[in-house]
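Novice: Below you'll find the structure I mean.
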Ligand SMILES: NC(=O)c1ccc[n+]([C@@H]2O[C@H](COP(=O)([O-])OP(=O)(O)OC[C@H]3O[C@@H](n4cnc5c(N)ncnc54)[C@H](O)[C@@H]3O)[C@@H](O)[C@H]2O)c1
Ligand SMILES: [Zn+2]
Ligand SMILES: [Zn+2]
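In structure tokens, the structure reads:
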């Protein structure tokens, strides 16, 4: 029997989101229906609402979630009703050329549920990042469910489903931050603060947090930033160089997704250093750089999709570190809200008042 639940829908570009009745079908082969217990509000949800990702409205928003499996479809193994899971938006296929070459975090054929969730009138919904978890229940591919220790509360565990994993992984997996490195993070929202935390976990000696908002910089200190720079008040590149003996940081992580901050990252790294772009640009943005600088400064310019994580490897490990008191995930939850409060949470995010508002069901 299909389920009828409440969900947060973006009907059109720039339009306020609304709470709607959503029909969730029974899971098809290889699929699962999950009772969502918590879902964080990520900037990517706002990007969807603004039409910055694609035009496939209406969207069922929410993609940073934890919950309990309600039902599984035919052929699903290793997952059953009652399992406590974090939802991931890159269920790897195991068969594409990236997977076959042993680099499954790049999987080029990640998959989602193929059955459709719909509005009451039958209109098919596009679930954000193939998840759609601002809803009491959602339908996903079984591979999007990663089991973790239920001792971690859903509001905290769900954060690993997107922004916090993206930031931690941008530092640890993509940036390869290691003991003694100098690291700068430009943009310290949920994702950037997690990059600060990841750099700290990996043993970076100097961690420079850069933002235009002093509240974010204060929070970043709590995640391990050793220095902060307000780039409205001083030049980010000069400040980072000054704090790194005049050279620039070994790894600079861009967590805003804009050309001007990418350029700062490019010039704020040491020769042969690494730039990691984890912020997501919008389609109209372009970048111009002297090609000679790209060559002459050497090193690596990388993008980080989902922190190059492997959910099955990384989520349970990070939850264990959290439960041991070694990973401050609680610090990301600024407030818990209801399903009806997502539009207000977007406004708070826009004003810079929160790291994460988390919908708790
Ligand atoms: N690559 C991925 O897999 C992935 C995953 C999740 C989110 N994202 C992206 O990461 C980005 C950040 O997401 P978030 O949820 O942390 O958003 P957020 O709104 O919480 O944080 C953005 C931060 O950037 C700061 N900022 C804005 N303009 C700046 C500037 N010019 N210089 C310095 N700082 C500036 C803001 O003050 C804010 O603190 C978004 O683009 C989001 O879409 C990427
Ligand atoms: Zn693959
Ligand atoms: Zn996200």
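In our numbering, the protein residues as written are 3 to 363. Don't be surprised by glycine CBs; every beta carbon is placed ideally from N, CA and C.
Give me, in chain order, the residues of the same chain whose beta-carbon lies closer than 6 Å to that of residue 24; leave out the 5 immediate sequence neighbours on both sides.
Specialist: Excluding residues within five positions, the ones whose Cβ falls inside 6 Å are 7, 9, 119, 137.
Novice: Go through its chain and collect everything with a Cβ distance to residue 100's Cβ below 6 Å, but skip five positions before and after it.
Specialist: These residues qualify, in order along the chain: 108, 109, 110.
Novice: What do you reckon, is the C-beta of residue 230 under 7 Å from a heavy atom of ligand 4?
Specialist: As far as ligands go, the structure on display features ligand 1, ligand 2 and ligand 3 and does not contain ligand 4.
Novice: Can you tell me whether residue 116 is buried or exposed, with buried defined as 16 or more other CB within 10 angstroms of its CB?
Specialist: Result: exposed.
Novice: Spatial neighbours of residue 270 within its chain, please: CB distance less than 8 Å, with the 5 preceding and 5 following residues excluded, ordered by chain position.
Specialist: Excluding residues within five positions, the ones whose Cβ falls inside 8 Å are 186, 188, 238, 239, 242, 243, 250, 251, 254.
Novice: Within 10 angstroms of the Cβ of residue 92, are there 16 or more other Cβ atoms? Answer buried if so, exposed if not.
Specialist: Buried: at least 16 other Cβ atoms inside 10 Å.
Novice: Report the residue ranges of all beta strand (DSSP E) runs contained in full by the segment 27 to 83; include only those spanning at least 3 residues, in chain order.
Specialist: Taking only runs of at least 3 residues, the beta strand (DSSP E) segments lying wholly in the segment 27 to 83 are 33 to 42, 67 to 74.
Novice: With H, G and I counted as helix, E and B as strand and the rest as coil, what does DSSP make of residue 188?
Specialist: Strand.
Novice: Could you give the DSSP three-state label for residue 176: helix, strand or coil?
Specialist: Of the three classes helix, strand and coil, the one that applies to residue 176 here is helix, per DSSP.
Novice: Sorry if obvious, but does the Cβ on residue 65 come closer than 7 Å to a heavy atom of ligand 3?
Specialist: Indeed, a heavy atom of ligand 3 lies less than 7 Å from the Cβ.
Novice: Are the Cβ atoms of residue 179 and residue 207 separated by less than 8 Å?
Specialist: The answer is no: Cβ separation not under 8 Å.
Novice: With the cut-off set at 8 Å, would you say residue 156 and residue 68 are in Cβ contact?
Specialist: In this structure, residue 68 lies closer than 8 Å to residue 156 by Cβ.
Novice: As a quick exercise: from 226, 42, 139, pick the residue whose alpha carbon is nearest that of residue 5.
Specialist: It is 139 whose Cα lies nearest to the Cα of residue 5.
Novice: With a 10 Å radius around its C-beta and 16 neighbouring C-beta atoms as the bar for buried, classify residue 177 as buried or exposed.
Specialist: That one is buried.
Novice: Does the beta-carbon distance from residue 196 to residue 165 come in below 8 Å?
Specialist: The answer is yes: Cβ separation under 8 Å.
Novice: Could you pull the start and end residues of the alpha helix (DSSP H) that residue 321 belongs to?
Specialist: Unbroken alpha helix (DSSP H) run through residue 321: 313 to 325.
Novice: Helix, strand or coil, according to DSSP, for residue 208 in the structure here?
Specialist: Residue 208 falls in the strand class under three-state DSSP.
Novice: Which of the three DSSP states is assigned to residue 278 in this structure?
Specialist: It is a strand residue.
Novice: Who are residue 369's beta bridge partners in DSSP?
Specialist: For residue 369 there is no data in the structure shown, the boundaries of the chain being 3 and 363.
Novice: Report back the beta-carbon spacing between residue 330 and residue 162 to the nearest angstrom; my notes put them in contact at under 8 Å.
Specialist: In fact, because the Cβ distance is near 13 Å, the residues do not count as touching under 8 Å.
Novice: According to the Cβ coordinates, are residue 90 and residue 39 closer than 8 Å?
Specialist: The answer is no: Cβ separation not under 8 Å.
Novice: Check whether the Cβ of residue 46 sits closer than 7 Å to any heavy atom of ligand 3, and report yes or no.
Specialist: True, at least one ligand heavy atom lies under 7 Å from that Cβ.
Novice: Is the segment 54 to 72 touching the segment 13 to 28 in the sense that three or more CB pairs, one from each, lie closer than 8 Å?
Specialist: The segment 13 to 28 vs the segment 54 to 72: in contact.
Novice: Is DSSP giving residue 229 helix, strand or coil here?
Specialist: Three-state DSSP puts residue 229 in a strand.
Novice: With H, G and I counted as helix, E and B as strand and the rest as coil, what does DSSP make of residue 133?
Specialist: DSSP places residue 133 in coil when its eight states are reduced to three.
Novice: What is the DSSP secondary structure of residue 17, reduced to helix, strand or coil?
Specialist: Note: residue 17 maps to coil in three-state DSSP.
Novice: Using the three-state DSSP reduction, which class does residue 147 fall into: helix, strand or coil?
Specialist: Three-state result, residue 147: strand.
Novice: Given 7 Å as the limit, tell me if residue 16 has its C-beta closer than that to any heavy atom belonging to ligand 2.
Specialist: No, the beta carbon of residue 16 sits no closer than 7 Å to any heavy atom of ligand 2.
Novice: Below 8 Å, can you find three or more Cβ-Cβ pairs linking the segment 254 to 263 to the segment 217 to 231?
Specialist: No, because fewer than three Cβ pairs between the segment 254 to 263 and the segment 217 to 231 fall closer than 8 Å, the two stretches do not touch.
Novice: Using only the alpha-carbon positions, how far apart do residue 82 and residue 144 sit?
Specialist: Roughly 10 Å separates the two Cα atoms.
Novice: For the alpha helix (DSSP H) containing residue 165, name the first residue and the last one.
Specialist: Counting along the chain, the alpha helix (DSSP H) containing residue 165 begins and ends at 165 to 171.
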